[in-house]
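What follows is a short report on a single structure.
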Amino acid sequence: MQLDLSEEQVQIRDAVRQLCVSEFAPHARRWDQESHVPRAAIERLAEQGFLGMAIPEAWGGIGYDSRTITVVLEEISRVSAALGIMIAVHNSVGALPVFRFGTDEQRRRFLPPLVSKELGAFSLSEPGAGSDAGAIQSTAVLEGDHYVLNGTKNWVTNGSHAGVYLIFARTDREAGSRGLSTFIVERGARGLVVGKTEDKMGLRGSDTVTLSLEGLEVPVSQRLGAEGDGFKIAMSMLDAGRIGVAAQAIGVMQAAFEESVKYAQQREAFGGPIAKIQAVQFKLAEMERRLQCARLLARRAAWLKDTDQPHTRAASVAKLYASEAATWVTHQAIQVHGGYGYVKEYAVEQLYRDARVMEIYEGTSEIQRLVIARSLLREGVAV
Ligand code: CAA
Numbered sequence: 177m178q179l180d181l182s183e184e185q186v187q188i189r190d191a192v193r194q195l196c197v198s199e200f201a202p203h204a205r206r207w208d209q210e211s212h213v214p215r216a217a218i219e220r221l222a223e224q225g226f227l228g229m230a231i232p233e234a235w236g237g238i239g240y241d242s243r244t245i246t247v248v249l250e251e252i253s254r255v256s257a258a259l260g261i262m263i264a265v266h267n268s269v270g271a272l273p274v275f276r277f278g279t280d281e282q283r284r285r286f287l288p289p290l291v292s293k294e295l296g297a298f299s300l301s302e303p304g305a306g307s308d309a310g311a312i313q314s315t316a317v318l319e320g321d322h323y324v325l326n327g328t329k330n331w332v333t334n335g336s337h338a339g340v341y342l343i344f345a346r347t348d349r350e351a352g353s354r355g356l357s358t359f360i361v362e363r364g365a366r367g368l369v370v371g372k373t374e375d376k377m378g379l380r381g382s383d384t385v386t387l388s389l390e391g392l393e394v395p396v397s398q399r400l401g402a403e404g405d406g407f408k409i410a411m412s413m414l415d416a417g418r419i420g421v422a423a424q425a426i427g428v429m430q431a432a433f434e435e436s437v438k439y440a441q442q443r444e445a446f447g448g449p450i451a452k453i454q455a456v457q458f459k460l461a462e463m464e465r466r467l468q469c470a471r472l473l474a475r476r477a478a479w480l481k482d483t484d485q486p487h488t489r490a491a492s493v494a495k496l497y498a499s500e501a502a503t504w505v506t507h508q509a510i511q512v513h514g515g516y517g518y519v520k521e522y523a524v525e526q527l528y529r530d531a532r533v534m535e536i537y538e539g540t541s542e543i544q545r546l547v548i549a550r551s552l553l554r555e556g557v558a559v
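All residue numbers for the sequence shown refer to the numbering used here, where the first residue is 177 and numbers rise by one.
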């Protein structure tokens, strides 16, 4: 496995960093306060091709491999984790499934808007089916040339302004997780009702909504994959999504780490900068350790994906480690800042709030442990 970034990846990282620092960083705090990332930020990323990162050039994307995508997501999340998750969800579980499982007709119709301007949303969870995704109750009943969808979905990232929604619903009541199917639905479809926007602890700039499916008619031609394949489509796409969440967590950790080192060198106590105090040094060293480990794990999972090797376990390991590390690092960053870390004037207060959900969405830490344990018991512990 290649550990270092290639020359091209370094150039991409530096260009994204410059864009994010100069154009997004000055506004990221306001996006949090106003609970809104403006459309202009998405358009700016779209201009650079970042809505089509996972889509091959032949289909209008920029065809980045998974390692390069993690680099881009880390840089975006370093200045705005809210914008980071919007772009991560769009690329890995919004646009990519249409390419991966779509017919050529579906690709021709839905990929052009997805790679150029419209955000994708992934609508799997329901009020009664989060970790137990196979327990989805929303129904899709075939009536002639279309399905009629009814039910409630929640925790939908990008849900209030996505152009394309992937919606998972039950086509067979008896078949458990084998009875789910996936549907491509466009914004504005009659019966797709956008409900309340969640008032979240962190990632406040990214919208998370509830959707009601009220007799939503979806043509058979907009079913993604075969009837009954929905659960496997969702799970395999979450493998990519979880690498993205790891990258997002790394970006947040990097920001908290940099803020902590800077503050520790400036803040004086007991006759000198607090960076000279061993208790603070140990915190900084531990932050560095967790950051480096998380980055290596994410890079390894992405490399396995890029080389078409099984990567479910590695993606869960990376997501689990990086999200728990981000919680720890941002917690300690506040500790380094003392009382100042607890007020909104300092960046670490927001980073702490933003990091917390990474242990929850796209599979909780408990679900990642379950996926890892099942995999190692089934396939063995050999590396
Ligand atoms: N890739 C492909 N297929 C997979 C798979 C994967 N990674 N994981 C499982 N499958 C297949 C299995 O092989 C099995 O196939 P068969 O029926 O042919 O045997 C089938 O799926 C069922 O698998 P399991 O028996 O393992 O399923 P389970 O019901 O025990 O559940 C689970 C497994 C790991 C708990 C799963 O339900 C899960 O990951 N839950 C968490 C869901 C999640 O992450 N939700 C987040 C939603 S998105 C979000 O957060 C919002 C957002 O916008 C950011």
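Built from N, CA and C at the ideal position, the CB exists for glycine as well.
Contact between the segment 526-536 and the segment 445-454 is absent: fewer than three C-beta pairs spanning the two stretches fall below 8 Å.
For the 8 Å CB-CB criterion, ALA234 and GLY270 do not form a contact. Not a single heavy atom of ligand 1 lies less than 7 Å from the C-beta of GLY355.
The segment 382-400 makes no contact with the segment 501-520, as fewer than three CB pairs between them are under 8 Å. For GLY364 and ALA338, the gap between their C-alpha atoms comes out near 10 Å. Burial is judged here by how many other beta carbons sit within 10 angstroms of a residue's own beta carbon; ARG489 has at least 16 and is buried. Around the CB of THR483, fewer than 16 other CB atoms lie within 10 Å, so the residue is classed as exposed. When VAL186, GLY406, THR384, LEU287 are compared, the shortest CA-CA separation from SER336 is found for THR384. With a cut-off of 7 Å, the C-beta of TYR537 is classified as near ligand 1, since at least one heavy atom of the ligand falls inside that distance. Under DSSP, GLY296 takes part in a beta bridge, and its partners are VAL340. VAL547 has its CB nearer than 7 Å to a heavy atom of ligand 1. The shortest CA-to-CA distance from MET411 to any of ILE238, GLN209, LYS329, PHE277 is the one to PHE277.
Ranked by how close their Cα comes to the Cα of GLY260, the residues ARG545, SER242, SER211, ALA425 have ALA425 in first place. Annotated three-state conformation of LYS495 is helix, per DSSP. LEU496 is positioned such that its CB atom lies closer than 8 Å to that of SER541. Looking at ILE360, LEU472, PRO202, the one whose alpha-carbon comes closest to that of PHE275 is ILE360. Around the beta carbon of TYR341, 16 or more other beta carbons lie within 10 angstroms, which makes this residue buried.
For LYS408, the shortest separation between its Cβ and any heavy atom of ligand 1 lies below 7 Å. Taking non-hydrogen atoms of ligand 1 into account, the C-beta of ASP415 is found less than 7 Å away from one of them. In this structure, the CA atom of GLN194 is about 20 Å from the CA atom of ARG215. Relative to the Cα of GLY515, the nearest Cα in the group PRO486, ARG443, SER182 belongs to ARG443. Here GLY237 is buried: its Cβ has 16 or more other Cβ atoms, across all protein chains shown, within 10 Å.
The beta-carbon distance between GLY406 and THR358, rounded to whole angstroms, is 5 Å. This is short enough to meet the 8 Å contact definition. Here DSSP, grouped into helix, strand and coil, assigns ALA351 to coil. Taking C-beta atoms as the reference points, VAL248 and MET229 count as a pair closer than 8 Å.
In the structure shown, the three-state DSSP call for ASN267 is helix.
Linking PRO486 to THR279 through their CA atoms gives a straight-line distance of about 24 Å.
Take MET463, set aside five residues on each side of it, and the residues of its chain with a beta-carbon closer than 7 Å to its own are PHE433, SER436, VAL505, GLN508, in chain order.
In the structure shown, GLY364 falls within a coil segment according to DSSP collapsed to helix, strand and coil.
SER307 sits away from ALA222, with the two beta carbons spaced by 8 Å or more.
Close CB contacts of ALA316 within its chain, under the 8 Å cut and outside five residues either way in sequence, are with TYR323, VAL324, LEU325, ALA345, ARG346, THR347, SER357, PHE359, VAL394 (chain order). Taking non-hydrogen atoms of ligand 1 into account, the C-beta of THR488 is found less than 7 Å away from one of them. Taking 7 Å as the cut-off, the C-beta of THR333 counts as close to a heavy atom of ligand 1.
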